[in-house]
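If you use numbering that gives the first Met the number 0, the sequence shown closes out at 144, no skipped numbers anywhere.
Positions of the beta carbon are idealized from the N, C-alpha and C atoms, including for glycine.
Quick caveat: nothing in here was measured; it's all calculated off a predicted structure.
In what follows, a structure is listed as structure tokens, so that the remarks can point back to it.
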Amino acid sequence: MARVLIKKLNPDVELPAYKTSGASGMDLMAFTEEPITIEPNSSYLVPTGLSMAFTEDYEVQIRPRSGLAAKKGITVLNTPGTIDSDYRGEIKIILFNHGKESFIINNKDRVAQMILTPVIKMELEETDSLPDTFRGDGGFGSTGK
0 MARVLIKKLN PDVELPAYKT SGASGMDLMA FTEEPITIEP NSSYLVPTGL
50 SMAFTEDYEV QIRPRSGLAA KKGITVLNTP GTIDSDYRGE IKIILFNHGK
100 ESFIINNKDR VAQMILTPVI KMELEETDSL PDTFRGDGGF GSTGK
């Protein structure tokens, strides 16, 4: 298990936790003094009241909660959102309302999940040509339905 330091930016913030032994992600909760309303086709930067630190061979990915997506049309706009190992500011979640109704977030509502993921750094090697493949440079939809 990887060690992650987490800091409450307010003593009233609740720490995330795995809800089941098989859960991949920890639910993140909104930390807000007033309810937040996200109108249809709009986004909002939702505060969590948390910041964190972990080693540079990891990132934390912010992902939607499947229940909110399926039932309310609420998703993380930049899915997956990335928290880099050198970021120390407050974790905030960009939620987007794809639904037809306003969505209200209250303090401590679970709004997203975070997953710790290994990062493999790449070394780029410039070249004038790439190996051929069956697909070649065929783009979107080029392999059929």
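TODO: May I have the straight-line CA-CA distance separating P10 from F30, to the nearest angstrom?
DONE: Mapped onto the sequence shown, residue 10 falls at position 11. Mapped onto the sequence shown, residue 30 falls at position 31. Each residue's Cα considered, the two are about 11 Å apart.
- [ ] Measure the alpha-carbon distance for A52 versus G72 and round it to whole angstroms.
- [x] The residue labelled residue 52 in the question sits at position 53 within the sequence shown. The residue labelled residue 72 in the question sits at position 73 within the sequence shown. Rounded to whole angstroms, A52 to G72 spans 31 Å at the Cα level.
Task: Residue interval of the beta strand (DSSP E) (run including A52) - done: Residue numbering aside, residue 52 sits at position 53 when the sequence shown is read from its first letter. Unbroken beta strand (DSSP E) run through A52: L49 to A52.
Task: S42 in three-state terms, based on DSSP - done: Locating residue 42 in the sequence shown gives position 43, counting from the first residue. In the structure shown, S42 adopts extended strand secondary structure according to DSSP, grouped into three states.
- [ ] Would you check if the distance between the CB atom of A1 and the CB atom of Y57 is smaller than 8 Å?
- [x] In the sequence shown, residue 1 corresponds to position 2, counting from 1. In the sequence shown, residue 57 corresponds to position 58, counting from 1. Against a cut-off of 8 Å, the Cβ pair of Y57 and A1 comes out as a contact.
TODO: Give me whichever residues DSSP pairs with N96 in a beta bridge.
DONE: Residue mapping note: residue 96 aligns to position 97 of the sequence shown, counting from 1. I73, per the DSSP bridge assignment.
- [ ] Thinking I90 and L27 are a contact (beta carbons under 8 Å), I'd like their distance in whole angstroms, please.
- [x] The count along the sequence shown starts at 1 and reaches residue 90 at position 91. The count along the sequence shown starts at 1 and reaches residue 27 at position 28. Going by Cβ atoms, the distance from I90 to L27 rounds to 7 Å, so yes, they are a contact pair.
Task: Cβ shell of I82 (< 6 Å), same chain only, five flanking positions each side left out - done: Counted from its first residue, the sequence shown places residue 82 at position 83. For I82, where only same-chain residues beyond five positions count, the Cβ hits under 6 Å are V59.
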